[in-house]
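In this note's numbering, the protein residues as written are 28 to 298.
All C-beta atoms, glycine included, are put in the ideal place defined by N, C-alpha and C.
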Amino acid sequence: MGFAGAVFTAQNNWRNESLKLKENVASLQKSKDELESELNNQLTEKTKELNQAKSEADSATALNKGLQAQAKTKQAELETVRKERDTSVAQAETTGEEAKFRRQESDRQRVVNKTLHDTVNELRAKIKSLEDTIFTQSIREKNLVAKHKKVVDELNYLNKIVANLGVDPKDPAIAGMQSPPPAVEGLIINTKKDKRNGTRFVEVSLGSDDGLSKGHQLFVYRFGNEANGNRPKYLGKIELVYVDPDKAVGTVIDAAKNGVIEKGDHVNSKL
């Protein structure tokens, strides 16, 4: 009997340990899928941004070359104008007419030079900005790849442990397990009543950016007042049916008998 009891205890311990490992595998699998999705989305987005930045840089470089060519052309035109000016000056009848001509030509040349100088400076600044953007996106891409590799390595390690225990990580029962919501706290920002004037749906100020997903359950409570010693009042429990990045919609699955959920009440993942 003692031996049988020991065997039974050992089996229970192994079963409990196996369940814990299944939960860890499911959680890591979900994290891996989320990170892979995030990585793929960000890689796609950053690749588009990188290609666009490169295209803009190429366009700016081509424009800069065109402006440099225009500057050379303008310089050649300037030399021609100078020659014509010198000829006109030599033909001027009075010193006053010659001085006036030189001032006008000098003013025109200063305007042309300033315009070309400003254009070149603007193009250089734009090229520098595009180069900085490309460098920043390259660093972010490397960080995401490193983060993805770390998660994959951890998942492979846990898969080996689970395989040694004779558990199939692809078992639908394991893949369908829901991880608990993170520790969050928010507000009810809107409600929808049912025919009996009870609260049926609620909108909360939390979303996927806070780590929540469809199926997570949250508790609803209201801050206390002086009459009840400032003790919070439990109002019920909701289950999320729709999740956006910064907000979510839940349905009431457990309503307290001594209160109705209203806008401004608080939600929490733990009582």
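Here the alpha carbons of Asn191 and Thr226 stand approximately 49 Å from one another. The segment 233-241 makes no contact with the segment 280-291; the number of CB pairs closer than 8 Å stays below 3. DSSP, reduced to helix, strand and coil, places Glu289 outside both helices and strands of the structure shown, so it counts as coil. Taking C-beta atoms as the reference points, Ser296 and Phe246 count as a pair closer than 9 Å.
Inclusion of Gly277 and Phe228 in the CB contact set at 9 Å is warranted, their separation being smaller than that value. Lys264: member of the beta strand (DSSP E) spanning 260-270, first to last residue. By the Cβ rule, the segment 76-88 counts as touching the segment 151-165, because three or more pairs are nearer than 8 Å. Ranking Thr74, His293, Leu94, Pro259 by CA distance to the CA of Gln164 puts Thr74 first. When DSSP states are grouped into helix, strand and coil, Lys57 belongs to the helix group. In the same chain as Leu143, and ignoring 5 residues on each side of it, the C-beta atoms closer than 6 Å to its own belong to Ala98, in chain order.
For Val178, the enclosing alpha helix (DSSP H) stretches over residues 122-191. Of all C-beta pairs linking the segment 170-180 to the segment 59-69, three or more are shorter than 8 Å, placing the two stretches in contact. Per DSSP, the beta-bridge partners of Glu212 are Asn295.
About 33 Å separates the beta carbon of Leu171 from that of Asn91, a gap too long to meet the 8 Å contact definition.
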